[in-house]
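Undergrad:
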Amino acid sequence: MRILGLVKLVLMALLIISPVFAEEDANVSADHATEQGVTQENDSHGEVQEAGHSTLPPIWLVAPFLLLLIMIATGPLFFPHLWEHHYPKIAMSLGTIVAVYYGFAMDHGVYNLLHTLEEYISFIALLTALFVASGGILIKFNTRGTPLANAAILLGGAVLSNLIGTTGASMLLIRPYMRLNEGRLKPFHIIFFIFVVSNIGGGLTPIGDPPLFLGFLKGVPFFWVISNVWHIWLVTVLAVVGVFVVFDMRVPGGSAPTGTGKVVEIIGAKNFLYLGVVILSVFMDPAVIEGFPSLQKILHLPFGIREIIMFTVAYLAYRNGNKEALRGNEFNFEPIKEVAYLFIGIFATMIPALQLIGAYAKDHAAEFTVTRFYWFTGSLSGVLDNAPTYLNFLAGALGKFGLDMGSLSDVQHFAGGTPSPIPGDSNSVVYLMAISVAAVFFGAMTYIGNAPNFMVKNIAEQAGVDVPSFLGYIFKYSIPILLPIFLVVWWIFFNL
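This is the structure we're talking about:
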């Protein structure tokens, strides 16, 4: 059973990004560890603790992360055979370098590793559950692929991303979208699907994209995003889809579809219930439901009830899935396997990068304008995990306004509109809008900006689509197409 293989990978993660090198750190309680983490964030850059461990990592420790990015970018292009067979070893080896350094040389390093492990398990549990549940739903569009039909799917997928997440919507629609365009499917079809459905579309609700959900857990009201950024979301989605239609109009029609005559057929619809369970489980957190039990605090585990439910749903959805739907989707675990291995390396190696960025944002928050928050959050979200990037710059913006991200009421005041301490500056709502939009939208800039990007890429490659390389994606599509649109978004809404 491949689900058991993913469980084994999570267990391996315990060995890679949570080594217990010091008994004192290993026995620290969750609450005390949190206090240590806060203390660590408040220490100065170059300060050294009594134990001789540094509070911030040396800059050279970012090298494993940069090397992993380079390998992801060049491996499939220049040494595909080596990369295909050994990318798990490469990702996990580079992650181990950072983990060992944190375990031996960093003050409270084990706490940082355990915190990262919790985030990784939550991340892979959600992706696995959505991937397997949606893989058992076969959607057939009994019509010919046309620019109008494709645009309708992209727009519908953008809306759906806010209801079942960008991962759920991507996995549900990518295969029928490719079948619809059989005989006329081009690389840009996949790229624009990633742009809209896998990223920008999920910018309206906390369910849509992980950064927004973390903001919700910190105290940003659930409907704050849709009420404040809907117009930016609409303009951006329509602009990207409009460019797509121009591209698609140049492609001749494909083969005529075969079917029952219905425009849309759905096989395996019972799996929508599994998707519903996954979405509901997302909210099973003490930060959302007061008094909800937390296994992290009770049993000191790096996962909770939410993750147990998600992995259980993945197992049941596959075991009881509609066989015709699974066959029709050519379902296999390779896409989620690739994401699981690569992102365990990314999560581990990006720890020092995020700490250095967080310290910089904190120390320079007072001089950061809305423009700087927008571009810094966006550019880093394209190459780092956009969820912790969002939190780092949210913390910096709160600090600029004299507020604390650890306080629920402070975050609520920030979201409600707090005047800036700097005369003539924008209020806090504009800052939160800029950080939220940039974190979600710029995830489309690279394959690693958001997890669904890699999964869609892998599914398309298995279907024989000529998908661009890592660098081809950036230089042929995201920079010439997305960057000008994001520049216009900044000019209209955040050039204050």
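Using the working numbering, you'd call the opening residue of the sequence shown number -5 and step up by one each time. Virtual Cβ for every residue (Gly too), placed ideally from N, Cα, C.
1) Go through its chain and collect everything with a Cβ distance to A432's Cβ below 7 Å, but skip five positions before and after it.
2) Could you pull the DSSP bridge partners for F135 from this structure?
3) In whole angstroms, what is the alpha-carbon distance linking I479 and G393?
4) Can you tell me whether S23 is buried or exposed, with buried defined as 16 or more other CB within 10 angstroms of its CB?
5) Does the Cβ-Cβ distance between F544 and T161 come in under 8 Å?
6) May I ask which residues mark the beginning and end of the alpha helix (DSSP H) holding L50?
7) Alpha carbon to alpha carbon, how far is L154 from A163?
8) I need the straight-line Cα distance from V272 to H407, nearest angstrom please.
9) Would a C-beta distance cut-off of 8 Å place L336 and I66 closer than the cut-off?
10) Would you tell me roughly how many angstroms separate the C-alpha atoms of N144 and L132, rounded to the nearest one?
11) Round the Cβ separation of N380 and S192 to the nearest angstrom and send it over; I've been treating them as touching at under 8 Å.
12) State the CB to CB distance for the pair G151 and N175, rounded to an integer number of angstroms; the pair is presumed to be in contact (CB under 8 Å).
13) Count the C-beta pairs between the stretch 61 to 75 and the stretch 449 to 464 that are closer than 8 Å, then say yes if the count reaches three, no if not.
14) Under the rule that 16 or more other beta-carbon atoms within 10 Å means buried, what is H183, buried or exposed?
15) Under the rule that 16 or more other beta-carbon atoms within 10 Å means buried, what is N222, buried or exposed?
16) Around the Cβ of I518, are there at least 16 other Cβ atoms within 10 angstroms (buried) or fewer (exposed)?
17) Within its chain, find whatever has a CB closer than 7 Å to the CB of Y441; leave out the 5 residues flanking it on each side and keep chain order.
18) In chain order, what residues of the same chain have a beta carbon less than 7 Å from the beta carbon of P346, not counting five sequence neighbours either side?
19) Please classify F469 as buried or exposed, where buried requires at least 16 other C-beta atoms within 10 Å of its C-beta.
20) Just checking my contact of G195 with V231 at CB under 8 Å: how many whole Å lie between their CB atoms?
21) Any idea what DSSP makes of Y384, helix, strand or coil?
22) Which same chain residues, not among the five before or five after V483, have their C-beta less than 8 Å away from its C-beta?
23) Unbroken beta strand (DSSP E) runs of length 3 or more, entirely within the stretch 98 to 143: which are they?
24) Within a Cβ cutoff of 6 Å, which residues of the same chain sit near G437, ignoring the five residues on either side of it in sequence?
25) Helix, strand or coil: which one does DSSP assign to A457?
26) Buried or exposed for F487, going by 16 or more other Cβ atoms inside 10 Å?
27) Nearest by alpha-carbon distance to T306: which of T343, I118 and R178 is it?
28) Report buried or exposed for A319, applying the criterion of at least 16 other Cβ atoms within 10 angstroms of its Cβ.
29) Going by beta-carbon coordinates alone, are L121 and T343 separated by less than 8 Å?
30) Is E112 near the ligand NAP, in the sense that its beta carbon is under 7 Å from a heavy atom of that ligand?
31) So, for R169: in the same chain, excluding its five sequence neighbours on each side, which residues have a beta-carbon less than 6 Å away from its beta-carbon?
32) In terms of alpha-carbon separation, which member of A311, V237 and F98 lies closest to L267?
33) What do you reckon, are the CB atoms on A127 and L274 nearer than 8 Å?
34) Among the residues of its own chain, which have a CB less than 7 Å from the CB of L61, if the five just before and after it don't count?
35) Quick one: what does DSSP say N447 is sitting in, helix, strand or coil?
TA: Checking against the coordinates, here is how it stands:
1) If you number the sequence shown from 1, residue 432 lands on position 438. Here the set comprises Y368, T371, G372 and S375.
2) Within the sequence shown, residue 135 is the residue found at index 141, counting from 1. According to DSSP, residue pairing for F135 in a beta bridge involves V258.
3) As a first step, residue 479 is located in the sequence shown; it is residue number 485 there, counting from the start. As a first step, residue 393 is located in the sequence shown; it is residue number 399 there, counting from the start. Answer to the nearest angstrom: the Cα atoms are 30 Å apart.
4) By one-based count along the sequence shown, residue 23 stands at place 29. The pLDDT assigned to S23 is 40, lower than 50, so where the model puts this residue is not dependable, and the model offers no usable value.
5) Residue 544 lies beyond the residue range present for the chain, which begins at -5 and ends at 490; the question has no answer from this structure.
6) The residue labelled residue 50 in the question sits at position 56 within the sequence shown. It is not in any alpha helix (DSSP H) - L50 carries neither H nor E in the DSSP assignment.
7) Counting from one through the sequence shown, the residue named residue 154 turns up at place 160. Counting from one through the sequence shown, the residue named residue 163 turns up at place 169. When rounded, the distance between both Cα atoms is 6 Å.
8) Here the question's residue 272 lines up with position 278 in the sequence shown. Here the question's residue 407 lines up with position 413 in the sequence shown. Straight-line spacing of the CA atoms in V272 and H407 works out to 30 Å.
9) For this step, residue 336 is matched to residue 342 along the sequence shown. For this step, residue 66 is matched to residue 72 along the sequence shown. Yes, they are a contact pair.
10) Against the sequence shown, residue 144 aligns to sequence position 150. Against the sequence shown, residue 132 aligns to sequence position 138. The alpha-carbon atoms of N144 and L132 are separated by roughly 18 Å.
11) For the purposes of this step, residue 380 is taken as the residue at position 386 of the sequence shown. For the purposes of this step, residue 192 is taken as the residue at position 198 of the sequence shown. The beta carbons of N380 and S192 sit about 12 Å from each other, so the pair does not count as a contact at 8 Å.
12) Position 157 of the sequence shown, counted from the first residue, corresponds to residue 151. Position 181 of the sequence shown, counted from the first residue, corresponds to residue 175. That belief does not hold up - the Cβ atoms of G151 and N175 are roughly 14 Å apart, past 8 Å.
13) These segments touch.
14) As a position in the sequence shown, residue 183 is number 189, starting the count at 1. It is buried - the Cβ of H183 has at least 16 other Cβ atoms within 10 Å.
15) By 1-based counting over the sequence shown, the position of residue 222 is 228. By the beta-carbon neighbour count (other beta carbons within 10 angstroms, threshold 16), N222 is buried.
16) Examination of residue 518 is not possible in this model, given that the chain is present from -5 through 490 alone.
17) Sequence index remark: in the sequence shown, residue 441 carries index 447 (1-based). Excluding sequence neighbours, Y441 sits near N447, F448, K451, F464 and Y467.
18) Here the question's residue 346 lines up with position 352 in the sequence shown. In chain order, P51, L55, V56 and V92 place their CB closer than 7 Å to the CB of P346, counting only its own chain and leaving out the 5 sequence neighbours on each side.
19) Reading the sequence shown from its first residue, position 475 is the one you call residue 469. F469 should be labelled exposed.
20) Position 201 of the sequence shown, counted from the first residue, corresponds to residue 195. Position 237 of the sequence shown, counted from the first residue, corresponds to residue 231. Your pair G195 and V231 checks out as a contact, with CB atoms roughly 7 Å apart and the cut at 8 Å.
21) Within the sequence shown, residue 384 is the residue found at index 390, counting from 1. Y384 carries a helical assignment under DSSP once its states are collapsed to helix, strand and coil.
22) Translated into the one-based positions of the sequence shown, residue 483 becomes position 489. The answer, listed in chain order, is I226, V229, T230, V431 and F435.
23) The beta strand (DSSP E) runs lying completely inside the stretch 98 to 143 and spanning 3 residues or more are 132 to 135, given in chain order.
24) The residue labelled residue 437 in the question sits at position 443 within the sequence shown. Cβ contact annotation for G437 (same chain, cutoff 6 Å, sequence separation greater than five): N193, S375, N380, G443 and N444, in chain order.
25) Here residue 457 corresponds to residue number 463 of the sequence shown, with the count starting at 1. Coil, per DSSP.
26) By one-based count along the sequence shown, residue 487 stands at place 493. F487 is buried by the Cβ-count criterion.
27) The residue labelled residue 306 in the question sits at position 312 within the sequence shown. For T306, the closest of T343, I118 and R178 by C-alpha to C-alpha distance is I118.
28) Position 325 of the sequence shown holds residue 319. Buried.
29) Against the sequence shown, residue 121 aligns to sequence position 127. Against the sequence shown, residue 343 aligns to sequence position 349. Cβ atoms of L121 and T343: not closer than 8 Å.
30) For the ligand NAP, the structure offers nothing, since it holds no ligand at all.
31) Indexing the sequence shown from 1 puts residue 169 at position 175. N323, listed in sequence order.
32) Here residue 267 corresponds to residue number 273 of the sequence shown, with the count starting at 1. The shortest C-alpha separation from L267 is found at A311.
33) For this step, residue 127 is matched to residue 133 along the sequence shown. For this step, residue 274 is matched to residue 280 along the sequence shown. Judged by beta-carbon spacing, L274 lies beyond the 8 Å limit of A127, meaning their Cβ atoms are not closer than that value.
34) Working through the sequence shown from its first residue, we reach residue 61 at position 67. Counting only residues of its own chain and dropping the five nearest sequence neighbours on each side, L61 has a CB closer than 7 Å to the CB of L88.
35) For this step, residue 447 is matched to residue 453 along the sequence shown. Note: N447 maps to helix in three-state DSSP.
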